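Trainee: First the structure, which I've put down as C-alpha cells, then a few questions once you've had a look.
Residue numbers (our numbering): 3 to 89.
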C-alpha cells in the first residue's frame, strides 16, 4: 500500500500511520500544514493525516473521473452522430 503523503508518527519506538482520521489538535507550533480532507494539523509537507483521508480523496477522484468520462462519451456521440439531410 502506498503511504506516501500520509503523516507518520512514532509509537513505542516504531513508525506508524493512522488508519482513520485522528483527533483534531489546535494549531500549535511546529505544524506546517493541514490534511487536505479533514484539515487536521500536520507536520512538514504531508498531505494527509491518515490512510482513510488519502483513500477518501482517491475515491472522490475516481467518482469525478467516472462522471466526466460518461459526459465526454455523450458529447462524442452527439458530435459523431450522422447528420440527417433535409429534403
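Quick reminder that beta carbons are idealized off the backbone N, C-alpha and C, glycines included. In this text, all values refer to a predicted model and were calculated from it rather than measured experimentally.
1. Count the other CB atoms, across all protein chains shown, that sit within 10 Å of the CB of residue 17; report buried if there are 16 or more and exposed otherwise.
2. Could you give the uninterrupted runs of the alpha helix (DSSP H) lying entirely in the segment 9-87, keeping only those of 4 residues or more?
3. Spatial neighbours of residue 47 within its chain, please: C-beta separation below 8 Å, excluding the five flanking residues on both sides.
4. With a Cβ-Cβ cutoff of 8 Å, do residue 7 and residue 49 count as a contact?
5. Starting from the Cα of residue 22, find the closest Cα among 12, 39, 14 and 13 and give me that residue.
Mentor: Taking the geometry as given:
1. exposed
2. 53-82
3. 34 and 35
4. yes
5. 39
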